[in-house]
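Student: Structure incoming, see below.
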Amino acid sequence: MGTAASPRCFVLAGPSGVGKGTVIARLCQELPGVFDFSVSHTTRAPRPGECDGREYHFVTTEQFQKDRVAGRFLETATVHGQWYGTSWEAIERVRRRGRICILDIDVQGVRSVRAVGLPALVVFLMPPSLTELERRLRGRGTEDEARIQCRLKTAAQEVSVARGEPTLFDAIIENHCLEETCLRIRTLLDTDIAKFGN
């Protein structure tokens with residue numbers, strides 16, 4: 147997959163509301179032309195402001211299952227009753243351009259990345275606390291109480307995995323300050339970023 151000169155992928159995992167999207171957007175803004183986002187597929191409905199092909203490829207459950215059975219995904223997972231998956235083609239498209247491919251996936255996805263041996267830096271983004279995570283989720287204003295409680299339960303499980311299996315990740319970073327988080331990630335990816343002259 148890719149060429150010998152292709153930079154490794156950057157995998158960012160962590161619970162919903164921890165700030166993965168914000169961190170990814172900041173890294174892409176700070177280092178234009180270095181990163182590119184692997185756009186995942188999902189069966190969930192778009193949130194307000196999301197566009198098909200930008201945040202996700204929004205597909206039917208039937209189409210998703212056809213692609214999954216055909217082996218088109220590196221990893222798939224069901225999260226809160228919806229399917230998510232990272233296609234091999236999305237990763238390859240980024241790597242062919244010689245960019246660092248960013249994957250925003252959950253802990254299940256990290257296990258798949260490790261199982262197939264994809265060259266990647268894997269970072270778990272830890273919330274400052276579950277209370278702060280709840281505040282962020284409520285601040286989105288996009289989900290009802292049942293969905294928030296479900297996300298908080300999943301978050302507690304993912305934080306438990308990160309603490310219990312730290313070797314699953316190359317780094318665990320508490321996301322309490324966006325600038326500091328991005329600086330730590332840039333430091334971890336220093337060798338890869340250097341290929342771009344930054």
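The working numbering applies: residue 147 is where the sequence shown begins, and numbers increase by one.
For glycine and all other residues, C-beta sits at the position ideal for the given N, C-alpha and C.
(1) Given a cut-off of 7 Å, decide if Ser186 and Thr367 are closer than it, judged by their beta-carbon atoms.
(2) So what does DSSP say about Leu334, is it helix, strand or coil?
(3) Looking at Gly163 and Leu276, is the spacing between their C-beta atoms short of 7 Å?
(4) Mind the definition here: the stretch 335-342 touches the stretch 309-324 only if three or more C-beta pairs lie below 8 Å; say whether that holds.
(5) Is Val157 helix, strand or coil by DSSP?
(6) Do you know offhand how far Val259's Cα is from Ile294's?
(7) Give me the residue from Arg154, Pro161, Val157, Pro153 with the minimum Cα distance to Arg282.
(8) Our contact map puts Val256 next to Val268 with C-beta atoms below 8 Å; I'd like the distance itself, whole angstroms only.
(9) For Phe315, which residues in the same chain have their Cβ closer than 6 Å to its Cβ, ignoring the five residues on either side in sequence?
(10) Counting Cβ pairs, one atom from each stretch, are 3 or more of them under 8 Å apart for the stretch 241-250 and the stretch 205-215?
(11) How would you call Glu208, buried or exposed, if buried means at least 16 neighbouring beta carbons within 10 angstroms?
(12) Whole angstroms is fine: what's the gap from Met272's alpha carbon to Asp198's?
(13) What alpha helix (DSSP H) runs, 4 residues minimum, are completely inside the stretch 248-283?
(14) Report the rounded CA-to-CA distance for Val169 versus Leu335, giving the unit in angstroms.
(15) Can you tell me whether Ser186 is helix, strand or coil according to DSSP?
(16) Taking a contact to mean a Cβ-Cβ separation below 7 Å, would you say Cys155 touches Ala302 in this structure?
(17) Any idea what DSSP makes of Ser233, helix, strand or coil?
(18) Could you give the DSSP three-state label for Val164: helix, strand or coil?
(19) Once you ignore the five residues that flank Ala236 on each side, which residues in its own chain have a CB closer than 6 Å to its CB?
(20) Taking just the CA atoms, how far does Pro178 sit from Arg330?
(21) From Glu176 to Thr333, what does the alpha carbon distance come to, in whole angstroms?
Tutor: Taking the coordinates as given:
(1) Because the chain spans 147 through 344 in this model, residue 367 falls outside it and cannot be assessed.
(2) DSSP places Leu334 in helix when its eight states are reduced to three.
(3) Not in contact: Leu276 and Gly163 (Cβ atoms no closer than 7 Å).
(4) Contact between the stretch 335-342 and the stretch 309-324 is not established, with fewer than three Cβ pairs separated by less than 8 Å.
(5) strand
(6) 27 Å
(7) Pro161
(8) 6 Å
(9) Val268, Phe270
(10) no
(11) That one is exposed.
(12) 28 Å
(13) 253-262
(14) 14 Å
(15) strand
(16) Cβ atoms of Cys155 and Ala302: not closer than 7 Å.
(17) strand
(18) coil
(19) Ser184, Val185
(20) Computed Cα separation, rounded: 18 Å.
(21) 13 Å
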